[in-house]
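In the numbering used here, the protein residues as written are 4 to 279. Even glycine gets a Cβ: it sits at the ideal position worked out from N, Cα and C. Written out below as structure tokens is the structure these notes cover.
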């Protein structure tokens, strides 16, 4: 019986605003093995953590910059993005119903107000300080940054922060970026994202990577058995339901990327897959 990695998706984003340092700390506090986050590039070439192309859903960009619709992050400078509130929306929207469920305290909600969009440098520094691990997803960048040298820039920041290579993972749907990272820094783990678009079957072969992060809705337990029998590790995203955990964990998944690391850890403890 093997232990399952609990990977906090965009931090513990059911308990704190996604892709913020607060969400990362929350993931650490609940006991996740590592956190996963998204690398984005500002107009002036700075690296930040952000998921959507538009700033509208998780910041107050619409209110601060009403004339800059549709508020694409790559058209904003770092200074402009750092002027935004990336935390208050969480209390307003309660995206995972955890505020209503009583899982987020009033003090925590107050602390989230005014939370900033972090830089990758800040995320790496926090991970280093916590002696933790982070998976940086190298995302497709919207115009005008679609040709930005993302791999080189991320590796430069890893060097600047002087974080240990075993504390950082690079993942991407763009597999050429991963090959480039492997050539430049073979000591940093890479993980190939598969399962985009969500309606297309995953084509596994040729098995060019030793670790795949796969969309769980496109994977069967039989796929997991087949891959692990060939020495391939598989992490599944984004799995939030205990029925799916029960289906895939016995099949041999390496890790589960989840919005609910606190619940997954409790489930694993109950199932005897995690130490107390």
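Can you list, in chain order, the residues of its chain whose CB lies under 7 Å from that of residue 46, leaving out five sequence neighbours each side? Cβ within range, chain order: 77, 78, 79 and 80.
Is DSSP giving residue 250 helix, strand or coil here? helix
Is it buried or exposed for residue 149, if we count other Cβ within 10 angstroms and need 16 for buried? exposed
Just curious, the beta strand (DSSP E) that residue 104 is in, first and last residue? Note, residue 104: premise wrong, no beta strand (DSSP E); not H, not E.
Determine whether the beta carbon atoms of residue 35 and residue 59 lie at a separation below 7 Å. no
Short check: CB of residue 52 to CB of residue 22, under 7 Å? yes
Counting beta carbon pairs with one atom in the segment 177-193 and one in the segment 212-230, are three or more of them shorter than 8 Å? yes
Check for me: the alpha helix (DSSP H) holding residue 177 runs from which residue to which? Per DSSP, residue 177 is not a residue of any alpha helix (DSSP H), being assigned neither H nor E.
Who are residue 41's beta bridge partners in DSSP? 140
Roughly how many angstroms lie between the CA atoms of residue 163 and residue 127, to the nearest whole one? 10 Å
Contacts around residue 280, its chain only, beta-carbon distance under 7 Å, and the 5 residues preceding and following it disregarded: Since the first and last residues shown for the chain are 4 and 279, residue 280 lies out of range.
Compute the Euclidean distance between the alpha carbons of residue 191 and residue 169, then round it to the nearest angstrom. Going by C-alpha positions, residue 191 is about 6 Å away from residue 169.
Pairing CB atoms from the segment 133-140 with CB atoms from the segment 95-105, are three or more of them under 8 Å? no
Got a sec? Which residues, its chain only, sit under 7 Å from residue 159 by beta carbon, not counting five neighbours each side? none
Between which two residues does the beta strand (DSSP E) carrying residue 258 extend? 258-261
In this structure, what does DSSP give as the bridge partners for residue 3? This structure leaves residue 3 out entirely; the chain is present only between 4 and 279.
Member of 237, 218 and 106 whose CA lies at the smallest distance from the CA of residue 15: 106
For residue 30, which option in 13, 42 and 219 has the closest C-alpha, if you only look at C-alpha atoms? 13
Could you tell me the distance, in whole angstroms, from the CA atom of residue 55 to the CA atom of residue 122? 15 Å
Please state whether DSSP places residue 6 in a helix, a strand or coil. Reduced to three states, the DSSP call for residue 6 is coil.
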